Amino acid sequence: MKVFKDRVTVITGGASGFGREFAIIGARLGMKLVLADVQQDALDKTKAELEAQGAQVLAMRCDVRHAEEVQALADATMEKFGAVHLVFNNAGVGSGGLIWENTQADWDWVIGVNLWGVIHGVRIFTNLMLECAKKDPQFEGHIVNTASMAGLLNAPTMGVYNVSKHAVVSLSESLYQDLKLVEAPIGASVLCPYFVPTGISQSHRNRPEDVPGSAPTASQRAAQAMSDKAVNSGKVTAEEVAENTFKAIADEKFYIFSHPGALGNVQERMEDIVLQRNPGDPYKAAPHIRDMLRAKLKA
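Per UniProt numbering, residue 1 is the first one in the sequence shown, and the count goes up by one each step.
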């Protein structure tokens, strides 16, 4: 996808973090914006800021766990703008702790947003974009799914999140291959950020009423503290990641990384698989982090 001006982009999780930065860049490029989020106040604020800059914006509260809400988002987009060219399946939440301590509600929430949200987005918007392409010989489209480095690695006390993001990487690779197979004028990318200050570590602020919480265990408290520290100390900004993502779209690049230096860990994991070794120590280069985590678990 080379042309952005006057094209229509849909962004889930569009009120904060990466989604908000995607919207800011889209506005700067002259795109028509469709923002979806569950946090109404942040959504209203982002919409007002972008409209003040002259952007055309449709903002809708949308819980991507629910297919009917994603379908309503697609219907409203077509009614207002008549087409869809660029989709960011970006909404995401996190939950940590030892994997056997996560509740059914934890699994339902994280898988619902992180995986089913992308599934609904891909299923609904790809078909819609293919219909748009039939009507426009010059159609160019692209889909970006936000995964994580947690979709390529498996750090402890992040099991539910890891599972969801590994699935998004697989879904995205499958989407890429299927689009290539049918020679669709639609590209695909998967965004795999590492620790970037976005608010993901505070996902519990948007935990819905139908997902009951429980008193956090020691491992969940430890995971939360480590996640807060890692995310908030990140040196790469959400704005930089968004800029790199738009460049990757224009360059038809599939894998997008915020921290390419971390790929050595991915390579080591791949070698473990190919050489049939047991999974390596994720804290080999920083054993003090493992020791700190263990101490917190025993506290």
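Note that the Cβ used here is the ideal one computed from N, Cα and C, for glycine as well.
Please read these numbers as outputs of a predicted model, since none were measured by experiment.
Given 6 angstroms as the limit, tell me if methionine 270 has its C-beta closer than that to any heavy atom belonging to the ligand PLP. With respect to the ligand PLP, the structure offers nothing, as it holds no ligand at all.
Do the CB positions of leucine 191 and threonine 146 come within less than 7 angstroms of each other? In the sequence shown, counting from the first residue as 1, residue 191 sits at position 191. In the sequence shown, counting from the first residue as 1, residue 146 sits at position 146. Taking a C-beta distance under 7 angstroms as the contact criterion, leucine 191 and threonine 146 qualify as a contact pair.
How many whole angstroms separate the CB atoms of methionine 1 and alanine 250, which I take to be in contact at a CB cut-off of 8 angstroms? For the purposes of this step, residue 1 is taken as the residue at position 1 of the sequence shown. For the purposes of this step, residue 250 is taken as the residue at position 250 of the sequence shown. Correct: roughly 7 angstroms between the Cβ atoms.
Identify which residue in Val8, Gly264, Ile186 has its Cα closest to the Cα of methionine 149. One-based indexing of the sequence shown puts residue 149 at position 149. Comparing Cα-Cα distances from methionine 149 to each of Val8, Gly264, Ile186, the minimum goes to Gly264.
What are the start and end residues of the alpha helix (DSSP H) that includes phenylalanine 195? Translated into the one-based positions of the sequence shown, residue 195 becomes position 195. That residue, phenylalanine 195, is in no alpha helix (DSSP H); it is neither H nor E in DSSP.
Between phenylalanine 22 and alanine 167, is the Cβ-Cβ spacing less than 7 angstroms? Looking up residue 22 in the sequence shown gives position 22. Looking up residue 167 in the sequence shown gives position 167. Between phenylalanine 22 and alanine 167, the C-beta gap is not smaller than 7 angstroms, which leaves the two residues out of contact.
What residue does the alpha helix (DSSP H) around asparagine 265 start on, and which one ends it? The residue labelled residue 265 in the question sits at position 265 within the sequence shown. Taken as a continuous stretch (DSSP letters only), the alpha helix (DSSP H) holding asparagine 265 covers 263-274.
Tell me, which residues are paired with leucine 86 by DSSP? Walking along the sequence shown from the start, residue 86 turns up at place 86. According to DSSP, leucine 86 bridges with Thr9, His142.
For glycine 97, which residues does DSSP report across the bridge? The count along the sequence shown starts at 1 and reaches residue 97 at position 97. According to the DSSP secondary-structure assignment, glycine 97 is paired through a beta bridge with Met158.
Top-ranked residue by Cα proximity to glutamine 56, from Ala27, Ala36, Asp37: Position 56 of the sequence shown, counted from the start, is the residue given in the question as residue 56. When each option's Cα is compared against that of glutamine 56, the closest is Ala27.
Are the beta-carbon atoms belonging to isoleucine 143 and alanine 74 less than 7 angstroms from one another? Here residue 143 corresponds to residue number 143 of the sequence shown, with the count starting at 1. Here residue 74 corresponds to residue number 74 of the sequence shown, with the count starting at 1. No. Outside cutoff.
With 16 other CB atoms within 10 Å as the buried threshold, where does lysine 284 fall? Position 284 of the sequence shown holds residue 284. Around the C-beta of lysine 284, fewer than 16 other C-beta atoms lie within 10 Å, and the residue is accordingly described as exposed.
Looking at the secondary structure, which residues open and close the alpha helix (DSSP H) in which isoleucine 119 lies? For the purposes of this step, residue 119 is identified with residue 119 of the sequence shown, where counting begins at 1. Its alpha helix (DSSP H) spans residues 117-135.
Verify the CB distance criterion: does arginine 221 have a CB-CB separation below 7 angstroms to chain B? Absence of chain B from the displayed structure is noted, only one protein chain being present.
Three CB pairs or more closer than 8 angstroms across the region 207-219 and the region 90-109: The region 207-219 vs the region 90-109: in contact.
For alanine 222, which residues in the same chain have their Cβ closer than 7 angstroms to its Cβ, ignoring the five residues on either side in sequence? Position 222 of the sequence shown holds residue 222. Thr157, Leu293, Lys296, Leu297, listed in sequence order.
Tell me where the alpha helix (DSSP H) around arginine 61 begins and ends. Counting from one through the sequence shown, the residue named residue 61 turns up at place 61. Not the alpha helix (DSSP H): arginine 61 falls in the beta strand (DSSP E), residues 57-61.
Going by DSSP, what residue range makes up the beta strand (DSSP E) through valine 34? Position 34 of the sequence shown, counted from the first residue, corresponds to residue 34. Following the DSSP letters along the chain, one finds valine 34 inside the beta strand (DSSP E) bounded by residues 32-37.
Can you tell me which of Glu268, Pro287, Ala286 puts its alpha carbon nearest to the alpha carbon of asparagine 278? One-based indexing of the sequence shown puts residue 278 at position 278. It is Glu268 whose Cα lies nearest to the Cα of asparagine 278.
Can you tell me which of the three DSSP states serine 148 falls into? Sequence index remark: in the sequence shown, residue 148 carries index 148 (1-based). In the structure shown, serine 148 adopts coil according to DSSP, grouped into three states.
Please state if the CB of alanine 83 and the CB of valine 10 are separated by a distance shorter than 7 angstroms. Within the sequence shown, numbered from 1, the residue matching residue 10 stands at position 10. Within the sequence shown, numbered from 1, the residue matching residue 83 stands at position 83. No, they are not a contact pair.
Check for me: the beta strand (DSSP E) holding isoleucine 25 runs from which residue to which? Position 25 of the sequence shown holds residue 25. DSSP places isoleucine 25 outside any beta strand (DSSP E); the residue lies instead in the alpha helix (DSSP H), whose first and last residues are 17-28.
Determine, using beta carbons only, whether isoleucine 186 and methionine 270 come nearer to each other than 7 angstroms. Position 186 of the sequence shown, counted from the start, is the residue given in the question as residue 186. Position 270 of the sequence shown, counted from the start, is the residue given in the question as residue 270. With respect to the 7 angstroms criterion, isoleucine 186 and methionine 270 are not classified as neighbours on the basis of their beta carbons.
Of all the options Asp44, Gly19, Lys47, Leu153, which has the alpha carbon lying nearest to the alpha carbon of alanine 91? Translated into positions along the sequence shown, residue 91 becomes position 91. When only C-alpha atoms are compared, the closest one is Gly19.
Contacts around alanine 52, its chain only, beta-carbon distance under 7 angstroms, and the 5 residues preceding and following it disregarded: As a working note, residue 52 is residue 52 in the sequence shown. Setting aside the 5 residues that flank it on each side, alanine 52 has no residue in the same chain whose C-beta is closer than 7 angstroms to its C-beta.
Cut-off 8 angstroms between Cβ atoms - residues of its own chain near isoleucine 119, not counting five sequence neighbours on either side: Start at 1 with the first residue of the sequence shown, and residue 119 comes out as number 119. Cβ within range, chain order: Leu171.
By the DSSP assignment, the beta strand (DSSP E) with phenylalanine 257 in it spans what residues? Walking along the sequence shown from the start, residue 257 turns up at place 257. Element bounds for phenylalanine 257: 255-257.
My output table needs one value for serine 174: the three-state DSSP class, helix, strand or coil. Taking the sequence shown and counting its residues from 1, the one referred to as residue 174 is at position 174. Correct three-state label for serine 174: helix.
For arginine 290, which residues in the same chain have their Cβ closer than 6 angstroms to its Cβ, ignoring the five residues on either side in sequence? As a first step, residue 290 is located in the sequence shown; it is residue number 290 there, counting from the start. Apart from the 5 residues on each side of it in sequence, arginine 290 sits with its Cβ closer than 6 angstroms to the Cβ of Tyr283 in its chain, given in chain order.
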